[in-house]
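Have a look at the structure below before the remarks.
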Amino acid sequence: MQRMVIERILIGIVTLWVVSVLVFVMTSMLPGDVAQIVLGQSATPESLAAYRAERGLDQPRVFQYFAWLGNMLTGDLGTSKAGGATISSLISGRLYNTMILAAIVAVIAVPLSVALGLMAAMYPGTWIDRSLTFGTLALISVPEFFIATFMVLIFAVNLGWLPAIARVAPEDTFWESARGLAMPLITLIIVVAAQMIRMTRAGILNVMNSPYIEMAILKGVRRKRIILRHAFFNTIGPIVNVIALNLAYLVSGVVIVETIFAYPGLAKLMIDGVQTRDLPLVQATAMIFCGTYVILIILADVAAILANPRLRNPK
Amino acid sequence: MSDTTQSKDDDQDKTIYDELPDAPPKKKLKLTWTGKLGVVIVAFWVIMVVIGPWVAPFDEADIIADDSYMGVMSVTEGEGLHVFGTDYLERDILSRILWGARMTVGIAFLATLLAYAMGVTAGIAAAVKGGWIDMVLSRVNDAILSLPTIMLGLLIVVALGSSIPILIGTAAIIYASSVFRIARAYGQEIMVMDYVESAQARGETIWWIIFREVLPNAAMPLATDFGLRLVFVVLFISSLSFLGLGIQPPAADWGSMVRQNLEGMQYGSLAPVWPALAIASFTIAINLIVDDISAKSGGDLAKKMI
Amino acid sequence: MTESKENLPTINSLSGADREVIETGLRRGANRREVMSWLIAAGASIAGAGAIVTSATEVLAQTPKKGGKITFASDLHGPSDTLDPALNTSTIDYSRGRAYYNSLCQINDDLSTRPELAEEYSANADNSEWTFKLRKGVKFHDGSPLTADDVIYSMSRHYGEKSTSTAKPLVADVKEWKKVDQFTIKAIMMGPNADLPVILGTPQFKIIKDGTTEFQTANGTGPFRLTEFKPGQRSIGMRNEDYWREGANAEILEITAITDKVARTSAFLSGDIDLMQGLDPKAIKSVESTPGVGVWSVPAGGYFGICAMTNSSPGNNPDFVRALQYIQRREKIVKSILKGQGTVGNDHPINISYGADHCSELEQRVHDLDKAKFYLKKSGITQAEVNVAEVAPGMTDIVLLAQREAQKIGLDLQIKKVPNDGYWGAVWMKTPVNVVTWNMRPTANVMINLAFAPDAPWNDTLWKSERLGKLLVESRAATDPAKRHEMYCEMQRLISVGTDDMPPSGMVIPAHRNYVDGKSDKIEGIGRMPLGSLGGYEWPEFAWRTDV
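Protein chains in written order, with this note's numbering: chain P, 234 to 548; chain Y, 8 to 313; chain A, 63 to 610.
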């Protein structure tokens, strides 16, 4: 077990490196460079050359990559090629914002969706199952920007209960922050809970199908016990996997929610980085996203192994 | 030619192994009324993919109405009736939805199928074969999966340009990686179950195990996921349009139609609601069918217990 | 202006109580129409009521209130946000520049100039040498005094190989910036240029402290002091109590951006922000029907352009360009796409906003499919591809409209939508047919010089007209208004129509756009200078809250 975790961490570091190469190759393929984008319409050949020289962009790209890698290994994330601010100053506040939002959503959405998924699986075909199924489907079946904008129109523009945008500021009181975060939270809970509910339900129903459960039923084991003891534990592997993927999404993929609520988080920062071709910034955010993902997946795998003793001693 | 021999073998297999006590339970699909409704709706949209442009009252690119954001059942003199009103650029919404079926449903199906072909093959192979194959596939997959979809989409589409084949390929690669992980996880779970172990004990080949044991047992959860994945591809394409990428104008796709008409909502136009309903009707219908499949296979036993 | 009003009543002719009612009403954000309806109901004539409201508004405008916080949301920000004036390219940068720095000269709403840090400026007889006398006692935020060295340093950043300034070409004709004494600077020009003061009023020429190389904070002389700057998030400024003139009205200034236009409009409608940049024409109706907020629209000369490059097919075929010009439904664009917030274009950049330099004699080109068909047939072209990015709201729709018209004359006009990022570097001026947008410039000369001069780095279509280049230089020295107008008219005709031996520029300019922004009724003091959003970014110093 310990060996496996250490092995996974080493593998994770390899994955991080693979990602950095991938990001480097992909950003190199994008049209235009940071100088052209920052200077935009008002660029001239001379000002482009001057900008590139000033920011070290005139050096070969591969050289820039290794310079970045070297600095990274010593803990220096470098400076933004677009604005000149240090990457760590750009990231620090946003990292906190992203983590807070993801944590609150996770704390609410994970137990809620596992419970609802279990409930739907316990009574398949009943009205509880049907209404849960239909409800989750309806909510994930429209673009999240539609749900978000719809909520803004009702709760901010028409009723005036909540602010339309979640501009969290250090000087805000708890109540102000809570009001600001309410709508992004609801949107994200809807998005991630729906998938987790459905996968939990499907996973458990799948296990209910297996011969040993049938055996248990024939032996007269009580229904609650079968689901909670046998079926649930055997489904933990896949369920935890889905949860891990959704948590990773909450850290890295919520760009639409961040955009619509003008919430300063990491996902939007990464898109900005890509759009300005600001390689150090893109790399730094990619490392954070990949690192988060690796850690979550290791945790998911550990949980799966703990839950299913058969996986502990793979042949 | 090879097909016939293959199916002969299959029949033989069936007769031999169906009697074995560890054979997976047989599944016969019978749809409930919600499932049937789902089939009807999906069939409707599939038909629209084919004939949509011919039954639509206007061309998707026609800018002909009197005003933008006209209401339901409004009329433009000399042109005709706008059943669902008009969009921000004075185009007929009903026509654009009918034309858009081609883009939205077509692209989503193709991309999801491609994603599944790639993801399931690789995922099950990794689970069954294990070892270095699993290792390499998983690392490459992790790298893709650990980056946010929208960012990968942004990188690929901006680098290669926004054409329909590229959109399909981009969506397929991105979603294949999630399919891979789920397929692999299920594959691993199943590989340690009794009936697979006994099949291995009987000395069956790896491919026999995959086709006869692993796939049928993983099929149901994967089918559930297929429904969701289809929804995600539709939403992914629309989120690319959120960033100004996506389908080339004036072609209509439902996601971009919602996005482009959002302003209308601020003063009560239903322009963004209709395409949103089109998306919802299609994705819900798909999932209703999928649910019936899973309720059928797992539901019988569970029902016995209630 | 005041003469015509003399016989009409003003706010001062009302009784104290009535006056109170109207002023309070206006302060609370009642709009002009509402107040007029009260007055008309009370027996005033429409003209009289209008005059009273106008004078009441003016009285209110003259007495700004101090205090409170003003929140402004721009449309675009990110890691490239900068406090370095020379690198400014976006509205959010320009607005911040106005809050934390000052210019030598300030631009008025009518595009004339008034003194700012230079308390006096004048040129020699032929406008080839300008002298700026600095105001004394002006202090930077770090307490150091403003001297000529700071001005020389600020200007030096727009010259030389190492300069990354985005405004370099604007002052390229200044040969030398010379320090005369501690408070006097001379600009020695290469040739006559009467426009130097107005150019120096544009955003990039803000005065920074001598020797500044780091821009994590803003050490300027401006009406606000920077207390927080987070690129891509927001900046906060506090009123500068040591300001050299009357100073800012608001206590706190928050400048942020909400990139998504729907979200920005929602935040504005719900009162989370007081001022918003870039109101989408589609949203005008909802702003107008919401109490407490209004549309701030300033007619301007900025334009949408479709550029057919003259160095390649199909743009090198003047008949194709003419066909493309005749299929434009200019009135429809203004009505349907811009929702009335713009003016029709005549395929040259100088519209009525440039005043006397606009050529009203030039015949307005109209939608004419027969002519378009004739020219298309003559050109022999049947297919073309336009590269489109949404460089300004409505650009894509304009091209979509053109596409439908093109179909009617047998031209297969394909649209290739490309993302905004990378557009200026990889697509604009590089693909055969693309699109462009330009903001209005302080003078017709600057505008034409930037985008049409034969040696201009940003000549959209690479159209080289030596005649135009000659006219540009000559018109700078022209002192006779009639002669000058004639020269500008010829330039506009060259660009739009061409001559027998010089084809037109390849530019299709179907419409000019207003600056359309949103302003809460609780905010006053926003100007109408047409060089940028919300009155040319001049508002931070002058805006004030009515509800403090």
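For every residue, glycine included, the Cβ atom is placed at its ideal position computed from N, Cα and C.
Values in this document were obtained by computation on a predicted structure and should not be read as measured data.
{"Check": "Spatial distance of Thr175/A from Ser184/A (CA atoms)", "Outcome": "12 Å"}
{"Check": "Ile477/A and Val461/A closer than 8 Å at C-beta", "Outcome": "yes"}
{"Check": "Whole-number beta carbon distance between Gly594/A and Thr153/A, since they are thought to touch under 8 Å", "Outcome": "7 Å"}
{"Check": "Under 8 Å between C-beta atoms of Cys167/A and Leu262/A", "Outcome": "yes"}
{"Check": "Pairwise C-alpha distance: Gly126/Y and Pro28/Y", "Outcome": "Because Pro28/Y carries a pLDDT of 46, less than 50, the predicted location of this residue cannot be relied on, and no value is offered for it."}
{"Check": "Nearest residue (CA-CA) to Ala180/A, options Asn170/A, Ser582/A, Lys195/A", "Outcome": "Lys195/A"}
{"Check": "Rounded straight-line distance, which links the Cα of Gly487/A to that of Leu277/Y", "Outcome": "39 Å"}
{"Check": "Residues within the segment 266-287 of chain Y neighbouring chain P, beta-carbon criterion of under 7 Å", "Outcome": "Arg266, Leu269, Met272, Gln273, Pro279, Ala283, Ile286, Ala287"}
{"Check": "Ala321/Y versus Val90/Y - alpha carbon distance", "Outcome": "Examination of residue 321/Y is not possible in this model, given that chain Y is present from 8 through 313 alone."}
{"Check": "Other residues of its chain near Gly87/Y: CB distance less than 7 Å, five sequence neighbours each side excluded", "Outcome": "Pro64"}
{"Check": "Straight-line Cα distance separating Gly484/A from Gln269/P", "Outcome": "7 Å"}
{"Check": "Partner residues on chain P for Ala451/A, Cβ-Cβ distance less than 9 Å", "Outcome": "Per Cβ cutoff of 9 Å: no residues; Ala451/A is ~11 Å from chain P at best."}
{"Check": "Leu272/P beta carbon near the ligand NAP (any heavy atom closer than 7 Å)", "Outcome": "Only the bare structure without any ligand can be found here, which leaves the ligand NAP out of the picture."}
{"Check": "Beta-carbon neighbours of Val324/A, restricted to chain Y and to distances below 7 Å", "Outcome": "Leu269, Glu270"}
{"Check": "Beta-carbon contacts of Thr111/Y that lie in its chain and below 8 Å, excluding the five residues immediately before and after", "Outcome": "Val241, Ile244, Asp260, Trp261, Gly262, Ala285, Ile286, Phe289"}
{"Check": "Per DSSP, the bridge partner or partners of Ala180/A", "Outcome": "Leu196/A"}
{"Check": "From Thr420/P, Ser364/P, Ile380/P, Arg288/P, residue whose alpha carbon lies closest to that of Leu512/P", "Outcome": "Arg288/P"}
{"Check": "Below-8 Å beta-carbon distance, Pro60/Y vs any chain A residue", "Outcome": "no"}
{"Check": "Boundaries of the alpha helix (DSSP H) in which His314/P is found, first to last residue", "Outcome": "What sits at residue 314/P in the sequence shown is Lys, not His. Unbroken run through Lys314/P: none, as it is neither H nor E."}
{"Check": "Boundaries (first-last residue) of the alpha helix (DSSP H) holding Phe91/Y", "Outcome": "It is not in any alpha helix (DSSP H) - Phe91/Y carries neither H nor E in the DSSP assignment."}
{"Check": "Extent of the continuous alpha helix (DSSP H) run through Cys523/P", "Outcome": "512-540"}
{"Check": "CB contact check: Ala30/Y to chain A, cutoff 8 Å", "Outcome": "Confidence at Ala30/Y is low in this model, with a pLDDT of 45, below 50, so the placement of that residue should be treated as unreliable; the coordinate-derived value is given next. Chain A, which has no Cβ nearer than 8 Å to the Cβ of Ala30/Y, makes this no."}
{"Check": "Proximity test, Cβ basis, 8 Å: Ile535/P and chain Y", "Outcome": "In the sequence on display, residue 535/P carries Val and not Ile. Taking Cβ atoms only, chain Y never reaches closer than 8 Å to Val535/P, which makes this a no."}
{"Check": "Limits of the unbroken beta strand (DSSP E) element including Leu315/A", "Outcome": "314-319"}
{"Check": "Assigned secondary structure, Ala129/Y (DSSP; H/G/I helix, E/B strand, else coil)", "Outcome": "helix"}
{"Check": "Proximity below 8 Å, CB of Ala540/P to CB of Gly470/P", "Outcome": "yes"}
{"Check": "Glu316/A classed as buried or exposed, judged by whether at least 16 other C-beta atoms fall within 10 angstroms", "Outcome": "buried"}
{"Check": "Residues, ordered as in the chain, of the segment 95-107 of chain Y that lie near chain A by beta-carbon distance below 8 Å", "Outcome": "Tyr95, Leu96, Glu97"}
{"Check": "Any C-beta of chain A under 8 Å from that of Val488/P", "Outcome": "no"}
{"Check": "Between the CA atoms of Gln554/A and Val508/A - distance to the nearest angstrom", "Outcome": "14 Å"}
{"Check": "Touch test, the segment 165-185 of chain Y against the segment 247-255 of chain Y, Cβ-Cβ under 8 Å, three pairs minimum", "Outcome": "yes"}
{"Check": "Neighbour-count burial assignment, Ile320/P, 16 or more Cβ in a 10 Å radius", "Outcome": "buried"}
{"Check": "CA-to-CA distance, Glu425/A to Pro565/A, given in whole angstroms", "Outcome": "17 Å"}
{"Check": "Contact residues within the segment 330-343 of chain A, judged by C-beta distance below 8 Å to chain Y", "Outcome": "Leu331, Asp342"}
{"Check": "Cβ-based burial, Trp301/P [other Cβ within 10 Å; buried from 16]", "Outcome": "buried"}
{"Check": "Beta-carbon proximity list for Gly587/A, same chain, < 8 Å, skipping 5 on both sides", "Outcome": "Ala123, Pro126, Asn311, Trp601, Phe604, Ala605, Trp606"}
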